[in-house]
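Notes follow once the structure below has been shown.
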Amino acid sequence: MLYSPVSITVYNRFFHFKKCIENLKKNVLADKTTLFIFSDAPRLGDEENVQKVRDYAKNIDGFKDVRLHFQTTNNFAKNGYESRRIPISEFGSVIRMEDDILTAPGFLTFLNHAYQFYQNNPSIVNITGYCPPLRINSDYSKDYFILKRPCAWGWLYDQEILDIVESQIDIGELNSFIKNSRHKITECGEDVLRMAFKDATKQIQAGDVRSMFYQIKYNKYTIYPRYSLVQNIGHDGSGLHCGSTKKFMHDILWDKVDNFDFELLPKPDPEIVRANYQFRSRPLSTAIKIKLKDTIRAWLQS
């Protein structure tokens, strides 16, 4: 069995990166997995911390192979591009994550086994190791569920999604889809439309948002674990896109490490779809306040 490599992008967060690697090394399949590290070059003032990260990376062991890619000039986009393209060009797939992702010992097993199981299923296009703290009925007995919304906090994909995450959402295509299928684009959370518009207008460059729009439009799904195999510790204000919040945190991660059960023809569970929508959407009171502010602003500008 060819196991998907792990590709981690790093910059100057030594303690996040160290915890990330320490947890990843505890995975059952770590010694069968090739690890890629893509380190962006420092901006002025970050030289010492970037070097500390690189020195640590040079001494990583516990994996089948460790391949280091140290950029010579600071270029966030180039570093991210290579972190996807280089592993997929050799292995055909990649497990992408950043340095703030902590994994449970069964993380690599779940992703690899799910990918192998659904590799010939055109409806399944990526696998994630993160499960949001959703309100799922305690009698839900499956090891997984599916959603049209992906999660990039430790996700496995191949060439199909690679081509999507590197292509900006077309504003004309987005407007046309909204006009004809607005209900579909909001079913994964009321934040979807806002993020898709930001990508289409070059306010952000978000591969997971691009994948989400693609999946919603063409009815493609992400495989999620029933319980989370990932903890994102980047919501401490240190990340590029994440603020400070405990909304996505888990008290414990799933301790299952093998024998994950999957079904050939998975179907979305309506209750989980609803729970995900509620989790991803703002509280009603907040949404009303934002809508009111937007209405007043539009009135003042008219």
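Everything in the sequence shown is counted per the numbering used here, starting at 192 for the first residue and increasing by one.
No residue lacks a Cβ here, since even glycine has one placed at the ideal position from N, Cα and C.
Run the CB neighbour count on residue i, radius 10 Å, all protein chains shown included, and call it buried at 16 or more, exposed below.
i, result
"His374", "exposed"
"Glu239", "exposed"
"Ser358", "exposed"
"Glu378", "buried"
"Leu259", "exposed"
"Ser332", "exposed"
"Ile443", "exposed"
Could you tell me whether the Cβ atoms of residue i and residue j are closer together than 8 angstroms?
i, j, result
"Thr497", "Asn423", "What the structure shows of the chain is the stretch from 192 to 493, and residue 497 is not part of that stretch, so it cannot be assessed."
"Tyr415", "Phe336", "yes"
"Ser274", "Tyr306", "no"
"Cys342", "Ile292", "no"
"Ile407", "Ile376", "yes"
"Asp290", "Arg204", "yes"
Along the chain, where does the alpha helix (DSSP H) containing residue i start, and where does it finish?
i, result
"Tyr409", "Gly398 to Tyr409"
"Asn270", "Phe267 to Phe282"
"Leu384", "Val383 to Ala391"
So, with DSSP's three-state summary, where would you put residue i?
i, result
"Arg287", "strand"
"Pro296", "coil"
"Asn218", "coil"
"Tyr194", "coil"
"Cys211", "helix"
"Gln242", "helix"
"Ile369", "helix"
"Asn450", "coil"
"Leu347", "strand"
So residue i is in the beta strand (DSSP E); what residue range does that whole segment cover?
i, result
"Arg204", "Note, Arg204: premise wrong, no beta strand (DSSP E); not H, not E."
"Leu353", "Taken as a continuous stretch (DSSP letters only), Leu353 belongs to no beta strand (DSSP E), being part of the alpha helix (DSSP H) at Gln350 to Val356."
"Tyr335", "Tyr335 to Leu338"
"Val464", "Note, Val464: premise wrong, no beta strand (DSSP E); alpha helix (DSSP H) at Pro461 to Arg471."
"Gln422", "Val421 to Asn423"
Looking only at DSSP bridge pairs, what is residue i linked to?
i, result
"His374", "Note: His374 sits in no beta bridge, so no partner."
"His164", "The structure shown does not extend to residue 164, since the chain is modelled only from 192 through 493, so no value can be given for it."
"Ser504", "Since the first residue of the chain shown is 192 and the last is 493, residue 504 is not available in this structure."
"Tyr500", "Because the chain is modelled from 192 through 493, residue 500 falls outside the range shown and cannot be assessed."
"Asp256", "Thr225"
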